[in-house]
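In the working numbering, the protein residues as written are 3 to 125. Cβ coordinates follow ideal geometry from the N, Cα and C atoms, glycine included. Working notes, structure below.
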């Protein structure tokens with residue numbers, strides 16, 4: 003099973019779409035996204051007593067969760083072979099991408115009306 007930790011602003015969304023195209027939507031569980039079987043949004047929403055059986059139907063689990071997500075550890079402890087993957091991005095490019103993302107969303111908790119240069123001078 004492939005477990006993809008999606009670090010924000012590193013290109014994980016195209017990775018998700020590629021896996022869905024190659025494996026089929028029914029074989030990809032994406033954390034906190036609609037469309038997962040039985041309506042489960044997050045990996046921890048699946049009842050603990052059903053997790054192993056439930057996640058065995060997938061070839062890939064991905065999303066914004068930590069590398070040491072307890073649910074993934076449970077799968078490994080149950081003998082399921084997990085191949086972990088993530089994408090990294092040059093740090094400054096990631097910061098700029100995140101700033102642009104937030105700047106387009108006034109309701110985002112990190113929103114500021116300052117320009118990127120002004121925001122940098124604050125720090």
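Legend entry - Given residue 25 as reference, the closest of 115, 3, 123 once Cα atoms are compared: 3
Legend entry - Neighbourhood of residue 53 by C-beta distance below 7 Å, restricted to the same chain and skipping five residues each side: 73, 76
Legend entry - Beta-carbon spacing of residue 103, residue 11 below 8 Å: yes
Inset, instruction - Classify residue 84 as buried or exposed, calling it buried when 16 or more other Cβ atoms lie within 10 Å of its own Cβ. - result: exposed
Legend entry - Proximity winner among 48, 34, 23, relative to residue 8 (alpha-carbon distances): 34
Legend entry - From 110, 68, 105, 88, residue whose alpha carbon lies closest to that of residue 13: 88
Legend entry - Cut-off 8 Å between Cβ atoms - residues of its own chain near residue 17, not counting five sequence neighbours on either side: 6, 8, 64, 89
Inset, instruction - Could you have a look at residue 32 and say whether DSSP puts it in helix, strand or coil? - result: strand
Inset, instruction - Could you work out which residue in 80, 31, 91, 96 is closest to residue 67 when comparing CA atoms only? - result: 31
Inset, instruction - Would you mind sorting residue 98 into buried or exposed? The rule is 16 or more other CB atoms within 10 Å of its CB. - result: exposed
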